[in-house]
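Scroll down for the structure; my scribbles are underneath it.
Number of protein chains: 2
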Amino acid sequence: MAYPPRLTDEQYAALVSDIKDWQITHGSLLKLVHTDEENSVQCHPVGTTLFPTLFPKELFDEAHELQRVYNKLYAAVAEDDEWLLEVLKDLIDVDDLASALWDIYQEVKEEGCVQDLTLGIFRSDYMLHANPTESSQRPQLKQVELNTVACAGGVHTNVVSDMHRHLHRTNAYRSNHPASSGDVNIGSSSLPPNSTLKALSAGLAAAHKAYGPAKSQGLTETCILFIVAADNFNIVDERPIEYALWGESIPSYRVSWGHDVLAHTSLTPTRELLYHPQSRPIAVEVSVVYFRSGLEVHEYNEIGRMARLQLEKSRVIKSPSILSHLTGFKKVQQALTAPGALQRYLTPEEATKISRTFAPMYPLDDTPSGQHARTLALDPNTARNHVLKPSLEGGGHNVYGEETVAFLKQTPEELWRSYILMEKIIPPVLNNFMMSSRGFYEGPVISELGIFGVCLWKRVQDGEKLRAEMVSELDPSWSLRTKDASVDEMSVVKGYGCFDSPALVDWDIFMSVLKA
Amino acid sequence: MAYPPRLTDEQYAALVSDIKDWQITHGSLLKLVHTDEENSVQCHPVGTTLFPTLFPKELFDEAHELQRVYNKLYAAVAEDDEWLLEVLKDLIDVDDLASALWDIYQEVKEEGCVQDLTLGIFRSDYMLHANPTESSQRPQLKQVELNTVACAGGVHTNVVSDMHRHLHRTNAYRSNHPASSGDVNIGSSSLPPNSTLKALSAGLAAAHKAYGPAKSQGLTETCILFIVAADNFNIVDERPIEYALWGESIPSYRVSWGHDVLAHTSLTPTRELLYHPQSRPIAVEVSVVYFRSGLEVHEYNEIGRMARLQLEKSRVIKSPSILSHLTGFKKVQQALTAPGALQRYLTPEEATKISRTFAPMYPLDDTPSGQHARTLALDPNTARNHVLKPSLEGGGHNVYGEETVAFLKQTPEELWRSYILMEKIIPPVLNNFMMSSRGFYEGPVISELGIFGVCLWKRVQDGEKLRAEMVSELDPSWSLRTKDASVDEMSVVKGYGCFDSPALVDWDIFMSVLKA
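So the protein sequences, as listed, match chains P and G. The working numbering runs 39 ahead of the 1-based position in the first sequence. The working numbering runs 39 ahead of the 1-based position in the second sequence.
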């Protein structure tokens with residue numbers, strides 16, 4: 040069977056026109072920041088697939104189920120600074136971002152934490168992995184990474200998913216092409232509704248409520264504060280969350296990372312964080328700080344560190360806290376694959392469930408496992424099947440396949456330990472069409488499913504130890520990004536990937552399309 | 040008292056940034072059609088005011104009340120072809136659009152009309168008129184024109200109105216400026232919610248429902264068909280109506296004016312209109328045709344005439360019908376100001392109410408009134424206070440003030456009768472800020488309030504005559520457009536005007552701002 044359905048030229052033209060109009064009307068757009076002037080600005084549609092991409096329903100459901108385990112795991116790790124230091128200490132020595140964050144954590148810890156709640160907004164990314172030598176075997180979920188800070192794409196996917204379902208109901212996917220009789224026709228029930236925007240705003244609202252009334256004298260109002268990047272071309276992925284919160288009568292403001300944080304916020308002696316809006320003479324007490332910036336090392340110059348320190352010291356609920364931020368480092372992901380690591384936090388059953396989604400991962404340090412990894416990475420024959428990943432979130436700094444050999448040879452050996460080596464995931468290749476400002480693409484594609492986990496946890500003393508106690512948790516929601524199968528990097532904002540939504544199908548359909 | 044409130048420079052910068060982000064996120068945009076390529080297209084925000092513009096609450100309410108009378112009047116006129124012919128016959132002789140429409144009407148009438156329902160989607164435009172010599176007198180509503188076809192701006196205003204209310208609740212209008220203490224502070228109750236999008240889609244849905252089930256053999260489904268302009272840069276004002284109808288499970292499609300109408304629709308022997316979508320082998324019966332094009336004379340070439348004729352002959356409910364389209368000609372507006380004209384259709388009380396909104400208007404024909412108008416129009420001293428208007432909708436072809444003298448001298452006298460002369464409305468001048476791709480503006484502004492009237496009426500036989508019987512009518516809704524006071528034309532899409540929303544105030548505040 041074939042998918043997506045073959046359309047006539049006239050149908051493709053109409054589909055493309057319908058997509059552009061939907062995107063313009065629903066803000067599925069990127070700002071062209073260089074055109075930003077006082078009076079106007081230009082923008083263009085974000086990359087999108089023309090059709091939803093096929094995805095096995097069973098694995099989509101499984102990824103959702105797993106998310107509660109991942110929430111539990113990453114909340115627990117974020118309250119275990121002992122284990123985290125053990126895992127990250129080599130990295131802290133050589134990596135400026137890790138050391139900046141750890142220093143801030145140390146300074147706050149010395150003064151004592153005044154907020155025991157943390158809001159996690161995680162996104163666990165998966166690709167399908169198919170054994171290339173066994174084409175009849177069903178693909179499995181393999182985790183690419185788990186992001187713990189500034190997880191993006193939720194709003195964009197939500198809009199593109201709504202668009203695919205709209206196009207489906209208008210029959211834009213129903214082919215008039217004479218050769219279309221063998222094509223997979225998806226039903227509307229195959230297209231799951233997306234509620235990521237709602238999940239994000241509901242999570243922030245739950246944290247806001249948990250913070251309770253203003254604590255500083257003379258103030259009655261509280262607000263959520265978004266810490267954003269200045270001159271962001273991707274405001275469409277953030278602003279709707281703010282608007283949704285205002286829609287729930289929760290005041291939400293934004294300040295830019297760094298200087299603006301220091302200029303517009305202050306700490307009271309009892310460590311309430313006050314926001315001083317431009318628009319009024321009195322301050323508002325901040326309940327929740329939501330980071331949509333602060334994940335790049337260049338943001339931690341002196342001003343950036345002071346800003347993050349001020350926020351971290353305060354009584355606000357952070358999304359994420361410094362430690363939760365650090366749990367997103369690849370070293371943590373790799374350390375959790377080591378034997379016995381999961382059992383520290385999970386039941387054996389939970390551990391088994393999620394460890395099935397782990398691809399083989401190694402440190403590049405002096406341990407036996409690290410030595411093994413160095414051998415794999417330096418031999419072109421084995422490097423080919425691996426990806427070298429720095430500890431940063433996202434895939435933008437990865438080194439792929441054989442390039443690893445030359446890369447490592449140019450890199451001082453003492454820095455190698457800041458990388459991990461991951462076995463390449465071999466995704467089954469499907470077909471789709473994509474359009475973005477970079478061009479039009481038709482051909483083999485690879486998708487990445489992101490599962491958003493939104494949860495609020497409390498740090499509790501348990502004997503001599505601290506542990507995380509889940510306070511509230513939202514149903515997981517999803518994002519899907521799809522790229523040209525011949526390109527390694529997924530970044531949508533760089534134009535490599537496109538937003539997408541899944542057409543969920545049973546195994547027999549999925550496997551028969553793979554074989555076609 | 041002063042309005043809008045004076046802000047600090049930092050506040051203005053934040054307000055402008057907030058506005059651009061809201062516009063991008065909510066599709067308050069225009070397509071840059073010259074950038075439209077297969078894979079992408081650029082767009083930029085439509086012109087908007089920074090603040091809502093002050094408007095007297097009493098007159099806003101009055102305009103809404105009047106709309107039911109205007110609905111009744113224009114439905115009645117649209118069923119009175121005798122009176123219409125009398126009014127338009129001179130025009131039909133010299134004006135290509137009027138004669139094209141009349142010819143189509145004649146042809147349909149000979150074959151017999153098979154649909155007795157018509158959907159009116161009117162927009163009655165008003166300016167405030169203040170007696171320039173009596174500054175203490177309260178301004179009154181004066182009607183600029185009443186549009187009966189392709190009334191635009193409803194969706195745009197809806198979004199900008201939502202934006203102004205959002206900015207208000209975020210305190211973006213609350214000044215930190217030291218000199219702002221004498222400024223008018225508007226409360227949230229001064230900003231009326233806008234439901235124009237809902238009114239437009241509800242009107243179309245009501246007509247769709249009134250059409251009833253499919254009548255042609257073998258078909259079960261019905262749909263609404265939008266007749267649109269190809270390559271329209273203003274799709275944002277149309278598409279959301281379609282999406283809202285789909286949201287109510289009413290299939291809605293669009294075809295471009297002219298050739299596409301003929302290629303994708305057909306008439307059954309019993310005059311059902313069938314739409315043949317690109318996306319499926321079977322046809323859908325059309326319940327309602329909604330014209331968002333077909334109001335310019337160049338659209339009535341042979342293909343355009345055939346297209347309109349096919350639609351008009353069919354059983355669909357039209358919005359508007361040909362006759363209802365013709366009632367929007369300025370000659371009709373002028374003829375209704377003649378003594379006794381209103382009494383043909385309205386009660387004396389209703390006639391009195393709406394005639395108060397008429398500015399003095401004259402034909403330019405051979406009648407005594409026309410002779411008087413010629414004298415006024417040819418003398419620069421009196422021409423100054425008048426506007427010369429062709430019969431087309433909109434203000435794009437008007438001739439203003441003293442330019443009339445030279446214009447008429449260049450125009451063959453036999454064509455003069457296609458124009459009307461209207462006394463200039465002298466609006467009170469308020470202040471606001473506007474931004475659009477044309478630039479940033481701060482200073483005196485003039486606003487035009489549009490009241491959308493949405494109503495479904497039935498043609499009924501009443502003795503020897505036909506008359507209109509109202510079947511259903513929606514609550515009126517509004518639009519507001521605002522322009523630089525020194526510019527005559529209001530067109531928003533040309534960048535002269537901006538979308539706006541009213542800040543409704545009592546007379547004492549309004550008058551004190553005028554005097555300041």
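Don't be surprised by glycine CBs; every beta carbon is placed ideally from N, CA and C.
**Message:** Can you tell me where the beta strand (DSSP E) holding residue 515(P) begins and where it ends?
**Reply:** As a first step, residue 515(P) must be located in the first sequence, where it is residue number 476. No beta strand (DSSP E) contains residue 515(P), which DSSP labels as neither H nor E.
**Asked** Is residue 263(P) near residue 296(P), with beta carbons less than 8 Å apart?
**Response** Counted from its first residue, the first sequence places residue 263(P) at position 224. Counted from its first residue, the first sequence places residue 296(P) at position 257. No Cβ-Cβ contact shorter than 8 Å links residue 263(P) with residue 296(P).
**Asked** Span of the alpha helix (DSSP H) holding residue 61(G)?
**Response** Counting from 1 along the second sequence, the entry for residue 61(G) is found at position 22. In this chain, the alpha helix (DSSP H) harbouring residue 61(G) covers 48–64.
**Asked** Comparing alpha-carbon positions, which option in 78(G), 55(G) and 156(G) lies nearest residue 495(G)?
**Response** Within the second sequence, numbered from 1, the residue matching residue 495(G) stands at position 456. Ranking 78(G), 55(G) and 156(G) by CA distance to the CA of residue 495(G) puts 156(G) first.
**Message:** I'd like to know if the segment 85–95 of chain G and the segment 344–355 of chain G are in contact, where contact means that at least 3 CB-CB pairs between them fall below 8 Å.
**Reply:** No, the segment 85–95 of chain G is not in contact with the segment 344–355 of chain G.
**Asked** What's the C-alpha gap between residue 370(P) and residue 310(P)?
**Response** Your numbering for residue 370(P) matches position 331 in the first sequence. Your numbering for residue 310(P) matches position 271 in the first sequence. In a straight line, the C-alpha of residue 370(P) is about 32 Å away from that of residue 310(P).
**Item:** Backbone secondary structure at residue 154(P) - three-state DSSP
**Value:** In the first sequence, residue 154(P) corresponds to position 115, counting from 1. Of the three classes helix, strand and coil, the one that applies to residue 154(P) here is coil, per DSSP.
**Prompt:** For the candidate residues 430(G), 305(G), 452(G) and 419(G), whose alpha-carbon lies nearest to that of residue 443(G)?
**Reply:** Position 404 of the second sequence, counting from 1, holds the residue named residue 443(G). Residue 419(G) is the option with its Cα nearest to residue 443(G).
**Message:** Determine, for residue 282(P), whether the minimum Cβ-Cβ distance to residues of chain G falls below 8 Å.
**Reply:** Sequence index remark: in the first sequence, residue 282(P) carries index 243 (1-based). So yes, residue 282(P) belongs to the interface.
**Message:** Determine, for residue 176(P), whether the minimum Cβ-Cβ distance to residues of chain B falls below 8 Å.
**Reply:** No chain B appears in this structure, whose protein chains are P and G.
**Item:** Which of helix, strand or coil DSSP assigns to residue 385(P)
**Value:** Stepping through the first sequence from its first residue, residue 385(P) is reached at position 346. Residue state, collapsed to three classes: coil.
**Prompt:** Would residue 427(P) count as contacting chain G if we go by Cβ distances under 8 Å?
**Reply:** The sequence position of residue 427(P) within the first sequence is 388, counting from 1. With its beta carbon at least 8 Å from every one in chain G, residue 427(P) lies outside the interface.
**Request:** Step through the CB atoms of chain P and report whether any lies within less than 8 Å of the CB of residue 213(G).
**Result:** Taking the first residue of the second sequence as position 1, residue 213(G) is located at position 174. At a cut-off of 8 Å between C-beta atoms, residue 213(G) counts as an interface residue with respect to chain P.
**Item:** Chain-ordered chain P contacts of residue 298(G) [CB-CB under 8 Å]
**Value:** In the second sequence, the residue the question calls residue 298(G) occupies position 259. Chain order gives no chain P residues near residue 298(G), where near means a beta carbon separation below 8 Å; the closest approach is about 13 Å.
**Request:** Taking 8 Å as the cut-off, decide whether the C-beta atoms of residue 102(P) and residue 490(P) are in contact.
**Result:** As a first step, residue 102(P) must be located in the first sequence, where it is residue number 63. As a first step, residue 490(P) must be located in the first sequence, where it is residue number 451. In contact: residue 102(P) and residue 490(P) (Cβ atoms closer than 8 Å).
**Item:** Pairwise C-alpha distance: residue 119(G) and residue 466(G)
**Value:** Along the second sequence, one-based indexing puts residue 466(G) at 427. Along the second sequence, one-based indexing puts residue 119(G) at 80. When only Cα atoms are considered, residue 466(G) and residue 119(G) end up about 34 Å apart.
**Residue ranges of each alpha helix (DSSP H) within the segment 389–472 of chain G, 4 or longer** = As for any alpha helix (DSSP H) of minimum length 4 sitting wholly inside the segment 389–472 of chain G, the runs are 407–417, 419–422 and 442–449, ordered along the chain.
**Request:** For the beta strand (DSSP E) containing residue 542(G), list its first residue and its last residue.
**Result:** Taking the first residue of the second sequence as position 1, residue 542(G) is located at position 503. Its beta strand (DSSP E) spans residues 541–544.
**Prompt:** Anyone know if the C-beta pair for residue 164(P) and residue 42(P) falls short of 8 Å?
**Reply:** Here the question's residue 164(P) lines up with position 125 in the first sequence. Here the question's residue 42(P) lines up with position 3 in the first sequence. If you check the CB distance, residue 164(P) and residue 42(P) do not come in under 8 Å.
**Prompt:** Got a sec: which bits of the segment 81–103 of chain G sit with their beta carbon under 7 Å from any beta carbon on chain P, in order along the chain?
**Reply:** Those would be 81, 82, 83 and 84, in chain order.
**Request:** Let me know if residue 402(G) comes out buried or exposed under the rule of 16 or more other beta-carbons within 10 Å of its beta-carbon.
**Result:** Here the question's residue 402(G) lines up with position 363 in the second sequence. The residue in question, residue 402(G), is buried, as its Cβ has 16 or more Cβ neighbours within 10 Å.
**Asked** In chain order, what residues of the same chain have a beta carbon less than 8 Å from the beta carbon of residue 170(G), not counting five sequence neighbours either side?
**Response** Along the second sequence, one-based indexing puts residue 170(G) at 131. Around residue 170(G), the same chain offers 176 and 465 as residues with beta carbons nearer than 8 Å, after the five sequence neighbours per side are excluded.
**Request:** Inspect the beta-carbon positions of residue 213(P) and residue 347(G) and report whether they are closer than 8 Å.
**Result:** Stepping through the first sequence from its first residue, residue 213(P) is reached at position 174. Stepping through the second sequence from its first residue, residue 347(G) is reached at position 308. Taking 8 Å as the Cβ cut-off, residue 213(P) and residue 347(G) do not qualify as a contacting pair.
**Request:** Decide if the segment 199–206 of chain G is in contact with the segment 231–241 of chain G; the criterion is three or more beta carbon pairs, one per stretch, under 8 Å apart.
**Result:** Yes: the two stretches touch, three or more of their Cβ pairs being nearer than 8 Å.
**Message:** Just to confirm the assignment: which complete beta strand (DSSP E) runs, minimum length 3, are found wholly within the segment 127–204 of chain G?
**Reply:** Runs found: 156–168 and 179–186.
**Message:** Three or more C-beta pairs under 8 Å: does that hold for the segment 447–457 of chain P against the segment 68–77 of chain P?
**Reply:** The segment 447–457 of chain P is not in contact with the segment 68–77 of chain P.
**Asked** Candidates 438(P), 499(P) and 244(P): which alpha carbon is nearest residue 290(P)'s?
**Response** The residue labelled residue 290(P) in the question sits at position 251 within the first sequence. If we check each option's Cα against that of residue 290(P), 244(P) comes out closest.
**Counterpart residues of residue 92(G) in DSSP-defined beta bridges** = Reading the second sequence from its first residue, position 53 is the one you call residue 92(G). Partner(s): 541(G).
**7 Å CB neighbourhood of residue 133(G) in its chain, flanking five on each side removed** = In the second sequence, the residue the question calls residue 133(G) occupies position 94. Around residue 133(G): 453, 454, 456 and 457.
**Prompt:** For residue 471(G), does the count of other Cβ atoms within 10 angstroms reach 16, so buried, or fall short, so exposed?
**Reply:** Walking along the second sequence from the start, residue 471(G) turns up at place 432. It counts as buried.
**Message:** Would residue 77(G) pass as an interface residue toward chain P - the criterion being a Cβ-Cβ separation below 8 Å?
**Reply:** The residue given as residue 77(G) occupies position 38 in the second sequence. Yes, contact with chain P.
**Prompt:** Taking only beta-carbon atoms, is residue 272(P) less than 8 Å away from chain G?
**Reply:** What you label residue 272(P) is simply residue 233 of the first sequence in a count that begins at 1. Judged by the 8 Å Cβ criterion, residue 272(P) is not in contact with chain G.
**Prompt:** Per the contact definition of three or more C-beta pairs closer than 8 Å, is the segment 370–383 of chain P in contact with the segment 320–332 of chain P?
**Reply:** Contact fails: fewer than three Cβ-Cβ distances are below 8 Å.
**Message:** Please return the same chain residues whose Cβ sits closer than 7 Å to the Cβ of residue 59(G), not counting the five positions on each side in sequence.
**Reply:** Residue 59(G) sits at position 20 when you count from the first residue of the second sequence. The residues are 84.
**Asked** Thinking C-alpha only, which one of 127(P), 236(P), 121(P) and 111(P) is nearest residue 159(P)?
**Response** Here residue 159(P) refers to the residue found at position 120 when the first sequence is read from its first residue. Taking the Cα of residue 159(P) as reference, the smallest distance to any Cα among 127(P), 236(P), 121(P) and 111(P) is reached at 111(P).
**Message:** Would you say residue 320(P) lies against chain G (beta-carbon separation less than 8 Å)?
**Reply:** Looking up residue 320(P) in the first sequence gives position 281. Closer than 8 Å to some Cβ of chain G, the Cβ of residue 320(P) qualifies, so yes.
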